[in-house]
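**Q** Structure provided below as structure tokens; questions to follow.
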Amino acid sequence: YLVGVGRADCTGPVAQVPLMGYANPDQVGGGLLSRLYSRAFIVADPEDSKRIVFVSADIGMVSQRVRLEVLKQLQSKYGELYRQDNVILSGTHTHSGPAGYFQYTLFWITSKGLIRPALSSIVNGIVKSIDIAHENMKRGRLFINRGTVENSQINRSPFSYLRNPASERSRYSSNTDKEIVVLKMVDEDGHDLGLISWFAVHPVSMNNSNHLVNSDNVGYASYLFEQEKNKGMLPGEGSFVAAFASSNLGDVSPNTRGPFCANTGESCDNPQSTCPIGGAVMCMAKGPGNDMFESTRIIGQNIYLKAKELYEKASQEVTGPLSSAHQWVDMSNVSVELNATHTVKTCKPALGHSFAAGTIDGVGAFNFTQASVEGDPFWDQIRDQLLGEPSNETKACHKPKPILFSTGEMTWPHPWHPNIVDVQIAAIGSLAILAVPGEFTTMSGRRLREAVKSEFDSHGTPGMNVVIAGLCNVYTHYITTYEEYQLQRYEAASTIYGPHTLSAYIQLYRGLAKAIALNATQDLPHGPEPPLFNVTSLTLLPSLSAESAPANKTFGDVLEEVRQEYREGEVAEVTFVGANPRNSAENATVHNFLTVERYSNISSSWSVVLNDASWDTRFYWSKGSGGQSNVTIEWHIPAGTEPGVYRLRYFGHYKRRVSLFRTITVPFGGSSSAFQITAP
21 YLVGVGRADC TGPVAQVPLM GYANPDQVGG GLLSRLYSRA FIVADPEDSK RIVFVSADIG
81 MVSQRVRLEV LKQLQSKYGE LYRQDNVILS GTHTHSGPAG YFQYTLFWIT SKGLIRPALS
141 SIVNGIVKSI DIAHENMKRG RLFINRGTVE NSQINRSPFS YLRNPASERS RYSSNTDKEI
201 VVLKMVDEDG HDLGLISWFA VHPVSMNNSN HLVNSDNVGY ASYLFEQEKN KGMLPGEGSF
261 VAAFASSNLG DVSPNTRGPF CANTGESCDN PQSTCPIGGA VMCMAKGPGN DMFESTRIIG
321 QNIYLKAKEL YEKASQEVTG PLSSAHQWVD MSNVSVELNA THTVKTCKPA LGHSFAAGTI
381 DGVGAFNFTQ ASVEGDPFWD QIRDQLLGEP SNETKACHKP KPILFSTGEM TWPHPWHPNI
441 VDVQIAAIGS LAILAVPGEF TTMSGRRLRE AVKSEFDSHG TPGMNVVIAG LCNVYTHYIT
501 TYEEYQLQRY EAASTIYGPH TLSAYIQLYR GLAKAIALNA TQDLPHGPEP PLFNVTSLTL
561 LPSLSAESAP ANKTFGDVLE EVRQEYREGE VAEVTFVGAN PRNSAENATV HNFLTVERYS
621 NISSSWSVVL NDASWDTRFY WSKGSGGQSN VTIEWHIPAG TEPGVYRLRY FGHYKRRVSL
681 FRTITVPFGG SSSAFQITAP
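Take a look at the structure:
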């Protein structure tokens, strides 16, 4: 094959924008722990024009808006080379990235609307990563390997899982998929190019009290792998690209100590995830570490170490033709043949009451509980007044789900949920990547993989490696099994197309697999095209106005200085007169908020040893009054740091008023005093 890899920043605004994932309106960005990247991989057939593009981006999920804008840009650059059928866009599902990149109304509620700078950063970052991969195509080889990652997941809805038939459960040793699949890429001389791995775990080691933008546990795994392979480079630099992509993570949590009541410390591992005192809002799962930062590193490192071992040992080569199949489907209206006599249908999208309960990884508001199959008259009354009552047809179709939001019947100012959904498979030789538009639970994913594998088998393509890539192309929440749906925990309440959603997807993906196996992808009907709503920006974000520094101070001045000396394990910290980081995101395509620099006596100069993409640095922004704000930079000095003289630097942009109607953006910087790191 010809192989190309690329990585580009897609971080966007790190302040004032809500973070996407927990739907908690109080969780807005207030700084940066690690940068977000889009990682692109292109595999091409040297003989003809066939290509496959796989992108994994450090974002909550790929939205339809993001996908449509990316495809539009690719078409204007490359014509028919990169299309909806051969480009897969997948989100890692970090819950600590900026929101606001959706066109459907439901997501505006917690995102404060459609935020153009956030959307543009993601779209441009994805396109740039594909450009880099495109420009660096070279002859190469692919190898696949698989193994198990231990101590890194629990099933967060085990009572739902137990609803699946005992005969089916007995075929599996665990209620989560512990398997990690690694695709290794090398050039023809065997030099490392990159890897994609797929593993099912929620990147929610950072909980909903976090305000620092970061890529969570799987992002930390990428960082470790890339730092290892790009020796001597700063984070985010270097040619080796390591993507840790999402899979069927619907009911899988990294918070391995399980759910406890925050107030009493007792377990709340019950079907309702509720506590005797304080109810459901008190029930939260804990990770393996002492705090969320440590938990993120532990889980990320577990995944990285297994991937590294499998990468080094990978010997099974992937060969064979490239092909891709894609359809748009109206998921609100699919007829599914369960057997010769029985046909069922999917429903218009709707969310159940337990959607508002959240999960043990991030609890909801107002004490909704999971596993509610009865509505609540109080909330139903409010909903009927504000948003309108669900139709009898929708109520009946979704049974036993009590409907909280009948999103498929809500169209103001735009539809609240998608009807038109992408289904897509890309095959690279013996590897079939199923690009799914949401979060399949463990058992849903197993059923889908098995169905697709048997479809390939029965049409003369045996022995396919089938992997699920999660959160691709358009976000449609969760996909549980029919049996799990009956219990109506969070994942089931969020299965928006009703109880037969999974059966519909299995039928559709079988159709795609059959078309690939029979070399008939050109005969697949395209299906109804998704809409691109005419909304460019609509947001409740505060506008960026002129800023000021305190009296006798200027931007970048130090307010609280570092100490004169530190040892490893301590935290060097400095506070500056700051400015809104959104200015930087909106004015500089590539921006670095901080550096850690070391003084060299030999050259009598400072050299950068860390940037803001490092997981050892933290950048905090806090807004004061009267257009003033502060920035605090922390460096958590790791074991093994070379003793010597260091300093911390800050780079920002402030808005200055030049006339009544015009402000300009001015770059500035600041530096701490020099400090010593002494030997341990």
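Its first residue numbered 21, the sequence shown is counted upward by one per residue in my numbering. Where is the CB? At the ideal position from N, CA and C, for every residue including glycine.
#1: What's the C-alpha gap between residue 554 and residue 662?
#2: At 3 residues or longer, and completely inside the segment 78-134: list those beta strand (DSSP E) runs for me, N to C.
#3: Based on Cα-Cα distance, which residue from 356, 117, 381 and 548 lies nearest to residue 273?
#4: According to DSSP, residue 511 sits in a beta bridge with which residue or residues?
#5: Hey, how far is the Cα of residue 547 from the Cα of residue 347?
#6: On a Cα-Cα basis, can you pick out the residue from 520, 223, 206 and 92 that is closest to residue 418?
#7: Could you spell out the range, first to last residue, of the alpha helix (DSSP H) harbouring residue 205?
#8: What residue from 303, 293 and 255 has the CA that sits closest to residue 284's CA?
#9: Please classify residue 517: does DSSP put it in a helix, a strand, or coil?
#10: Between the alpha carbons of residue 342 and residue 73, how many angstroms are there, rounded?
#11: Taking only the alpha-carbon atoms, compute the straight-line gap between residue 27 and residue 673 and give it to the nearest angstrom.
#12: Within the same chain, show all residues whose beta-carbon is closer than 7 Å to that of residue 422, passing over the 5 residues directly before and after it, in chain order.
#13: Mind checking whether residue 59 and residue 370 have CB atoms under 8 Å apart?
#14: If you count every other CB in all the chains shown that lies within 10 Å of the CB of residue 120, and 16 or more means buried, which is it?
#15: Given that a residue counts as buried once 16 or more other Cβ atoms are within 10 Å of its Cβ, and exposed if not, what is residue 383?
#16: Buried or exposed, going by whether 16 or more other CB atoms sit within 10 Å of the CB of residue 335?
#17: Taking only the alpha-carbon atoms, compute the straight-line gap between residue 206 and residue 243 and give it to the nearest angstrom.
#18: What's the call for residue 564, buried or exposed, on a 16-neighbour Cβ count within 10 Å?
#19: Output the boundary residues of the alpha helix (DSSP H) element that contains residue 580.
#20: Please report the straight-line C-alpha distance between residue 177 and residue 188, rounded to a whole angstrom.
#21: One question on the structure: do residue 451 and residue 485 come within less than 8 Å of each other, judged by their Cβ atoms?
#22: Which class does residue 326 belong to by DSSP, given the choice of helix, strand or coil?
#23: Spell out a yes or no on whether the segment 622-642 and the segment 573-584 are touching, meaning 3 or more CB-CB pairs, one atom from each, closer than 8 Å.
#24: If you follow the beta strand (DSSP E) that residue 244 is in, where does it begin and where does it stop?
#25: Identify whether residue 397 lies in helix, strand or coil by the three-state DSSP scheme.
#26: Shortest alpha-carbon distance to residue 511 belongs to which of 179, 216 and 678?
#27: So, helix, strand or coil for residue 194, using DSSP?
#28: For residue 499, I'd like the list of residues in its chain whose CB is within less than 8 Å of its CB, leaving aside the five on either flank, ordered along the chain.
#29: Candidates 232, 182 and 214: which alpha carbon is nearest residue 39's?
#30: Going by DSSP, which residues form a beta bridge with residue 619?
#31: Determine the direct distance from the alpha carbon of residue 603 to that of residue 687, and round the result to whole angstroms.
**A** Here's the rundown:
#1: 54 Å
#2: 107-111
#3: 381
#4: DSSP lists no partner for residue 511.
#5: 6 Å
#6: 520
#7: Per DSSP, residue 205 belongs to no alpha helix (DSSP H); it is in the beta strand (DSSP E), 199-207.
#8: Residue nearest to residue 284 within the set 303, 293 and 255 is 303 (criterion: CA-CA distance).
#9: Looking at residue 517 - three-state DSSP - the assignment turns out to be coil, as it is neither helix nor strand.
#10: 11 Å
#11: 25 Å
#12: 372, 373, 392, 393, 394 and 395
#13: no
#14: buried
#15: In the assembly as shown, residue 383 is a buried residue. Its beta-carbon has 16 or more other beta-carbons within 10 Å.
#16: exposed
#17: Going by C-alpha positions, residue 206 is about 19 Å away from residue 243.
#18: buried
#19: No alpha helix (DSSP H) holds residue 580; the beta strand (DSSP E) holding it covers 578-580.
#20: 17 Å
#21: It is a contact, given that the beta carbons lie within the stated cut-off.
#22: In the structure shown, the three-state DSSP call for residue 326 is helix.
#23: These segments do not touch.
#24: Run containing residue 244: none in the beta strand (DSSP E); it sits in the alpha helix (DSSP H), 236-249.
#25: helix
#26: 179
#27: coil
#28: 270, 456, 458, 459, 460, 461, 464, 515, 521, 522 and 525
#29: 232
#30: 626
#31: It is roughly 9 Å from the alpha-carbon of residue 687 to the alpha-carbon of residue 603.
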